[in-house]
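**Student:**
Protein chains in written order, with our numbering: chain V, 1 to 291; chain C, 1001 to 1238.
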């Protein structure tokens, strides 16, 4: 067949890459994001974001908007910077001493890296769900009630009961646990624990939910439940999700962002990314032509 | 020329699966192409044996269609292809359907040939059959070539040729209609020729459909139901 590449691709080495006989990218440094990274009704707006771990740069000039009530999926090979970028969005990287974040990151026009800004309320507004379910070693009730208590969102027990119930309902867990709210959260199954963590996140009424591979430790049924939940949650919340499963990105997101070697290569409507992506690197990744 | 790098997956088995789809489709295309030539030859030379052969081979075309459909389903289920791979599988499934329809039309021509052998030769229409038959046969070759090489320019040529076939078909219809008015006794025999011409015109339409699927496969652009001019404009913008 004629369509055989003349030179084998070698993305990781940052060398000149020939995928189709003609050079796709001469230099990864010079890549500009293609597609539609910006939207009109942005909930979060990031511009020229650079992230460094010590001397090593992990993210290069990333600009991306996350629209209100939108689900944005971030995909890319391991080490491409998608999780690092996600963690910038609620300053989770502050906990890493050598990590430095440059650029503009705004939540509804407010600079989230403003030195005067208190990160605790920020993290209430921008909640996070992690890869491994990490319920507190407390009862199911206390797991969900923890956030509202520490943020002082409630004054009466009845209010707290209501928040716990509605949060568990929104997380699709209420029916399964309503008779055993005092049982330890760690006693639930993996999928239930993850939904408990989501209930805990939404109990403080965040505006944005960040999810870092929320289903990678779950079985397909639990995954399907979480994905269903993501669709429901997007009616009230703005969601950014990092996932290694391209099918998951295709199923749950409105827009998909493809990261590669710390660069944002392409952002487009999910349907477009998975049927006819603009960038050859995106195409190569989603069709499994390099790892 | 656009290249799809079907053989560049990390999974060698996936490469092999897609390559197999392509090979099977081209084989089926080869059979249908031969059916088209044979059908036209059978009717224009009143070769009853050849007409019978076309009718028998049509079953093979149907079998190939089912086999290809199954292969496409397997790739979809096992590989969940995306982007150009997804378009490849979809295009193969659609092209298969068009090829099968072309096979049906060739079979219809062969049946008309047998009718003519029974009813007696038609007084008119053989020149038109040969002429349109040769254009359509070339279209079938060209459209399969466009698929084999994932070549958009060649695909556009097929769409252009289809316009020509439509015009030639209309002209032939007018002439044959006039003839039937002059000599009503010939109507049933001329009608056999008209049905055969109609089938050829349909084969041309399917060749154009295949060309459109090739453009979708290579460019991700849906160019169905638009003029050739508009097709060219969209391709230029892309």
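We treat Cβ as the ideally placed atom computed from N, Cα and C, and that holds for glycine. Here the structure is a predicted model, which is why all the values come from computation and not from measurement.
Would you decide whether residue 1075 of chain C is buried or exposed? Buried here means 16 or more other CB atoms lie within 10 Å of its CB.
**Tutor:** Only buried fits residue 1075 of chain C, as 16 or more other CB atoms lie within 10 angstroms of its CB.
**Student:** For residue 1029 of chain C, name the three-state secondary structure that DSSP assigns.
**Tutor:** helix
**Student:** Please return the same chain residues whose Cβ sits closer than 7 angstroms to the Cβ of residue 1154 of chain C, not counting the five positions on each side in sequence.
**Tutor:** 1142, 1145 and 1146
**Student:** So which residues of chain C does residue 289 of chain V contact, with C-beta pairs closer than 8 angstroms?
**Tutor:** 1005, 1008, 1009 and 1010
**Student:** Could you tell me the distance, in whole angstroms, from the CA atom of residue 99 of chain V to the CA atom of residue 113 of chain V?
**Tutor:** 13 angstroms
**Student:** In chain order, what residues of the same chain have a beta carbon less than 6 angstroms from the beta carbon of residue 279 of chain V, not counting five sequence neighbours either side?
**Tutor:** 34, 265 and 266
**Student:** Measuring CA to CA, which of C:1127, C:1122 and C:1164 is closest to residue 1138 of chain C?
**Tutor:** C:1164
**Student:** Relative to the C-alpha of residue 1209 of chain C, which residue among C:1197, C:1006, C:1064 and C:1156 is closest?
**Tutor:** Nearest option by C-alpha distance: C:1156.
**Student:** Rounded to the nearest angstrom, how far is the Cβ of residue 1176 of chain C from that of residue 1124 of chain C, given a contact under 8 angstroms?
**Tutor:** 6 angstroms
**Student:** List the residues of chain C that residue 283 of chain V touches, going by C-beta distances under 7 angstroms, in chain order.
**Tutor:** 1083 and 1084
**Student:** Start and end of the alpha helix (DSSP H) containing residue 65 of chain V?
**Tutor:** Unbroken run through residue 65 of chain V is the beta strand (DSSP E), 56–67; no alpha helix (DSSP H).
**Student:** At the level of alpha carbons, what is the spacing between residue 300 of chain V and residue 41 of chain V?
**Tutor:** As shown, chain V starts at 1 and ends at 291. That puts residue 300 of chain V outside it, with no answer to give.
**Student:** Going by other Cβ atoms of all chains shown within 10 Å of its Cβ, with 16 needed for buried, is residue 1230 of chain C buried or exposed?
**Tutor:** exposed
**Student:** What's the C-alpha gap between residue 248 of chain V and residue 49 of chain V?
**Tutor:** 26 angstroms
**Student:** Check each residue of the stretch 1201–1222 of chain C: if its Cβ is closer than 7 angstroms to any Cβ of chain V, include it; give the result in chain order.
**Tutor:** 1220
**Student:** Locate the beta strand (DSSP E) running through residue 127 of chain V, then write down its first and last residues.
**Tutor:** 126–129
**Student:** Within the continuous alpha helix (DSSP H) that includes residue 274 of chain V, where are the two ends?
**Tutor:** 270–275
**Student:** From residue 1122 of chain C to residue 1193 of chain C, what distance separates their C-alpha atoms?
**Tutor:** 7 angstroms
**Student:** CB-CB under 6 angstroms to residue 1017 of chain C, same chain, minus the five flanking residues each way: which ones, in chain order?
**Tutor:** In its chain, beyond the 5 residues on either side, 1075 have a beta carbon closer than 6 angstroms to the beta carbon of residue 1017 of chain C.
**Student:** Considering only DSSP beta bridges, list what residue 34 of chain V is partnered with.
**Tutor:** V:266
**Student:** At least one CB of chain C closer than 9 angstroms to the CB of residue 74 of chain V: is that the case?
**Tutor:** Answer no: the Cβ-Cβ gap between residue 74 of chain V and chain C never drops below 9 angstroms.
**Student:** Check distances from the C-beta atoms of the stretch 236–257 of chain V to those of chain C and list, in chain order, the residues that come in under 9 angstroms.
**Tutor:** 246, 247 and 250
**Student:** Where does residue 99 of chain V sit, in a helix, a strand or coil, going by DSSP?
**Tutor:** Assignment of residue 99 of chain V by DSSP, reduced to helix, strand and coil, places it in the strand class.
**Student:** Kindly say whether residue 1224 of chain C, judged by its beta-carbon, lies nearer than 9 angstroms to any beta-carbon of chain V.
**Tutor:** no
**Student:** Using 9 angstroms as the limit for Cβ to Cβ distance, is residue 1147 of chain C near chain V?
**Tutor:** no
**Student:** So with Cβ pairs under 9 angstroms, would you call residue 274 of chain V a contact of chain C?
**Tutor:** yes
**Student:** Looking only at C-alpha atoms, which of C:1166, C:1058, C:1008 and C:1024 sits nearest to residue 1069 of chain C?
**Tutor:** C:1024
**Student:** With burial defined as no fewer than 16 other Cβ atoms inside 10 Å of the residue's Cβ, what is the status of residue 1098 of chain C: buried or exposed?
**Tutor:** buried
**Student:** From C:1238, C:1237, C:1043 and C:1218, pick the residue whose C-alpha is nearest to that of residue 1004 of chain C; which is it?
**Tutor:** Ranked by Cα distance from residue 1004 of chain C, the first of C:1238, C:1237, C:1043 and C:1218 is C:1218.
**Student:** Apart from the five residues on each side of it in sequence, which residues of its chain come closer than 6 angstroms, Cβ to Cβ, to residue 1064 of chain C?
**Tutor:** Closer than 6 angstroms at Cβ, skipping near neighbours: 1028.
**Student:** Please confirm whether residue 1062 of chain C and residue 1105 of chain C have their CB atoms less than 9 angstroms apart.
**Tutor:** no
**Student:** Taking Cβ-Cβ distances shorter than 7 angstroms, what residues in chain B pair up with residue 1080 of chain C?
**Tutor:** Among the chains of the structure shown, chain B does not appear; the protein chains present are V and C.
**Student:** Residues in the same chain with beta-carbon distance under 6 angstroms from residue 1199 of chain C, minus the five sequence neighbours each way, listed in chain order, please.
**Tutor:** 1105, 1108 and 1109
**Student:** Do residue 286 of chain V and residue 293 of chain V count as a contact pair if the criterion is CB distance below 9 angstroms?
**Tutor:** Because chain V in this structure spans residues 1 to 291, residue 293 of chain V falls outside the shown range and cannot be described.
**Student:** Report the partner residues of residue 184 of chain V according to the DSSP bridge assignment.
**Tutor:** V:139
**Student:** What's the gap between the Cα of residue 1240 of chain C and the Cα of residue 1173 of chain C?
**Tutor:** The requested residue 1240 of chain C is not part of the displayed model; chain C covers only 1001 to 1238.
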